[in-house]
Amino acid sequence: MRLYRRTALLAWLAIVAASAWWTARYLAFTSDMTAFLPAASGRLERLLVEQLRSGVASRTMLVAIEGGAPPELARLSRELARALAADRRFDYVTNGGAEFTQGARELGLRHRYLLSPTVSPERFGEQSLSRALRENLERLATLEGTAFKGALARDPTGELRSLAEAAGQGAPASRHGVWFSGDGARALLLAQTAASGMDAAREQEAADVLMGAFQRIGAGPEYRVLISGPGVFAARTRAAIEHDIGWLTGLAGVLVLLVLVLAYRSPGPVALSALPVLTGLLVGVAAVGVLFGTVHGITLAFGATLIGEAVDYPSYVFTQRKPGESVLEILARVWPTLRLAVLTTVFGSLALLLSSLQGLSQLGVLSMVGVLSAGLVTRWVLPALAPGRGAPPRTLPFSLVRAGLAMRRAAWIGWVLLVAALAFIVARHDRIWDDDLGHLSPLPESARELHQRLSADLRAPDARYLLIATAASR
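Position one of the sequence shown corresponds to residue 38 (our numbering), numbered consecutively onward.
Take a look at the structure:
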């Protein structure tokens with residue numbers, strides 16, 4: 038083996054070993070969907086991204102239990118709420134029951150003068166205080182008054198009661214001490230996760246914990262739990278995207294392998310054809326990890342698809358072999374064409390690399406480094422691994438050759454299809470583009486309908502809008 042072959046092979050092995058070691062030791066994957074949001078440049082944009090990532094609305098799960106009589110649904114609601122409240126994956130859980138509103142009660146009592154709609158300077162005058170005390174005295178003789186008896190000394194003006202009355206106007210319907218839908222068919226809960234609403238993996242973990250807790254509380258097969266919310270959407274979107282990419286990539290890999298086996302009908306060229314793409318994927322992932330600290334799961338899935346074109350690079354070599362010609366001699370002939378193919382893909386990835394979306398930037402780095410690595414492996418490593426002079430590739434079976442000739446004779450069909458496509462575009466030019474971002478979601482329409490139904494049952498605010506209040510101080 039000549040010196041340059043040994044040098045190329047040793048350099049390749051060293052880079053692959055270093056990339057594999059770094060990947061195994063330090064690589065961390067993320068599923069935070071905000072990686073595909075534009076970088077926040079201003080204060081309002083940063084606030085929006087922060088709320089999307091960790092705001093209350095993005096971390097809230099809407100939960101419903103259905104399938105039985107209201108008393109049993111209420112029991113299951115209380116047991117499920119207790120189980121979730123004890124789990125560290127949830128910061129806050131409530132079903133409208135007294136045991137789960139104590140924290141909100143204490144918070145309201147602490148900030149009653151800021152939140153109460155009845156506070157005014159006149160509220161603390163002598164006459165107003167005297168009237169408030171008389172009203173409290175009268176209420177103590179009623180069932181309503183016992184609920185506020187403990188706060189009387191701290192809240193003589195009854196601001197906590199005013200706050201509760203104002204909040205109760207927008208509360209869900211209540212039956213058997215917990216929240217219910219208006220028709221009594223579903224018991225309702227709110228669960229706030231500890232994880233970011235855009236961290237799809239941890240949101241999926243929280244959803245799995247919720248489903249597991251529901252199975253452990255003894256609900257019969259006729260009962261079922263429904264979950265919705267931004268975090269649930271993020272988890273299901275990630276799962277749907279990764280599932281589709283996974284099976285499509287697997288199908289494409291099998292088809293490519295069949296084509297290579299059919300074309301080469303020899304295990305050597307087939308195995309060597311996999312080296313550039315596998316090397317490119319490994320080195321590209323390591324480069325993304327070094328530059329960004331983490332690799333997004335969706336970036337890896339799409340990047341593997343983009344780097345897949347590198348499987349063509351060895352074909353430039355093996356399909357051009359002449360009798361008695363070595364791989365190195367073939368590369369001397371085809372390298373200008375192969376180099377152009379590599380560079381066009383590398384520079385085409387610059388648009389992704391320069392994107393303000395971190396997820397697309399990661400995709401650009403993965404594509405550039407991966408394709409460049411695959412091209413260099415084809416140029417310098419393949420000659421070291423297949424240095425001999427071999428026979429040209431075997432001809433394809435006659436049936437395929439005949440099929441190819443038949444397709445050439447039917448080339449007019451392609452022109453007909455092209456003209457038809459152009460006519461369709463011209464005829465529908467005003468309706469061919471879809472600017473509804475909701476149609477990019479892989480979630481079914483039933484998921485959106487469930488969210489709307491649970492939001493209406495819980496009287497939840499519209500999470501699409503943010504209200505920002507500014508003042509000189511907090």
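Idealized CB from N, CA, C, for every residue including glycine. The model shown is predicted, which means the values in this text are computed figures rather than measured ones.
**OP:** Could you check the C-alpha separation between Glu-103 and Ile-254 for me, to the nearest Å?
**Re:** 14 Å
Original post:
In three-state DSSP terms, what is His-280?
Top reply: helix
Subject >> Continuous alpha helix (DSSP H) stretch holding Ala-228: start and end >> reply: Where Ala-228 is concerned, there is no enclosing alpha helix (DSSP H), although the beta strand (DSSP E) it sits in stretches over 223-230.
Original post:
Is there contact between the region 308-326 and the region 372-392, where contact requires at least three CB pairs shorter than 8 Å?
Top reply: no
**OP:** Please report how far the alpha carbon of Leu-422 lies from the alpha carbon of Met-444, in whole angstroms.
**Re:** 37 Å
Original post:
Can His-213 and Pro-107 be called in contact, C-beta distance under 8 Å?
Top reply: yes
Subject >> Proximity test, Tyr-260 beta-carbon vs the ligand NAD heavy atom, cut-off 7 Å >> reply: Ligands in the displayed structure: none, and consequently the ligand NAD is not present.
Subject >> 6 Å Cβ shell around Leu-336 - same chain, five flanking residues per side excluded >> reply: One point to set straight first is that residue 336 is Thr, not Leu, in the sequence displayed. For Thr-336, where only same-chain residues beyond five positions count, the Cβ hits under 6 Å are Gly-396, Gln-399, Leu-400.
**OP:** Evaluate Thr-316 with the Cβ neighbour count: other Cβ atoms within 10 Å of its Cβ, from every protein chain shown; 16 or more gives buried, anything less gives exposed.
**Re:** buried
Subject >> Sequence-distant residues of its chain with Cβ nearer than 7 Å to Ala-324 (five each side left out) >> reply: Val-402, Val-406
Original post:
What is the rounded straight-line gap between the Cα of Glu-159 and the Cα of Gly-266?
Top reply: 43 Å
Subject >> Cβ-Cβ separation, Leu-263 to Leu-487 (assumed contact under 8 Å), whole Å >> reply: 6 Å
Original post:
For Arg-501, which of Leu-50, Leu-64, Ser-95 has the nearest alpha-carbon?
Top reply: Ser-95
**OP:** Measure the beta-carbon distance from Thr-194 to Leu-174 and round it to whole angstroms, keeping in mind my assumption that it falls under 8 Å.
**Re:** Not quite, the Cβ-Cβ distance comes to about 13 Å (not below 8 Å), so this is no contact.
Original post:
What number of angstroms, rounded off, separates the C-alpha of Leu-503 from the C-alpha of Thr-131?
Top reply: 23 Å
Original post:
Given a threshold of 16 other Cβ atoms within 10 Å of its Cβ, counted over all protein chains shown, does Val-463 qualify as buried or as exposed?
Top reply: exposed
Original post:
Do the region 234-251 and the region 287-306 meet, that is, are 3 or more Cβ pairs less than 8 Å apart?
Top reply: no
Original post:
So, are the CB atoms of Tyr-260 and Leu-113 less than 8 Å apart?
Top reply: yes
Subject >> Which listed residue (Leu-146, Leu-151, Leu-152, Arg-198) has its alpha carbon closest to that of Ala-169 >> reply: Arg-198
**OP:** Helix, strand or coil for Trp-470, going by three-state DSSP, please let me know.
**Re:** coil
Original post:
Just reading off the alpha helix (DSSP H) that Trp-216 is part of, what are its end residues?
Top reply: It is not in any alpha helix (DSSP H) - Trp-216 instead sits in the beta strand (DSSP E) that spans 215-217.
Original post:
Buried or exposed: which applies to Ser-386, given that a residue is buried once 16 or more other Cβ atoms fall within 10 Å of its Cβ?
Top reply: buried
Original post:
Quick one, which of Gly-412, Phe-355, Ser-392, Ser-363 has its alpha-carbon nearest Leu-375's?
Top reply: Gly-412
**OP:** Could you check how far apart the C-beta atoms of Gly-326 and Leu-64 are, in whole angstroms? I think they sit under 8 Å.
**Re:** 5 Å
Original post:
Do you know offhand how far Leu-247's Cα is from Met-70's?
Top reply: 22 Å
Subject >> Inter-residue Cα distance where the pair is Ala-458 and Asp-494 >> reply: 47 Å
Subject >> First through last residue of the alpha helix (DSSP H) which encompasses Arg-358 >> reply: No alpha helix (DSSP H) holds Arg-358; DSSP gives it neither H nor E.
**OP:** Could you spell out the range, first to last residue, of the alpha helix (DSSP H) harbouring Leu-110?
**Re:** 107-122
Original post:
What do you get for Trp-216, buried or exposed, if any count of 16 or more other CB atoms within 10 angstroms of its CB means buried?
Top reply: buried
Original post:
Looking at the structure shown, is His-476 part of a helix, part of a strand, or coil, going by DSSP?
Top reply: helix
Original post:
Three-state secondary structure (DSSP) at Tyr-129?
Top reply: strand
Subject >> Thr-97: first and last residue of the uninterrupted beta strand (DSSP E) it sits in >> reply: 97-103
**OP:** Measure the CB-CB distance between Val-291 and Val-348 and report whether it falls below 8 Å.
**Re:** no
Original post:
Which of helix, strand or coil does DSSP assign to Ser-265?
Top reply: strand
Subject >> Alpha carbon of Thr-342 to alpha carbon of Ser-404, nearest angstrom >> reply: 9 Å
**OP:** Check Asp-236 in the structure and name its three-state DSSP category.
**Re:** strand
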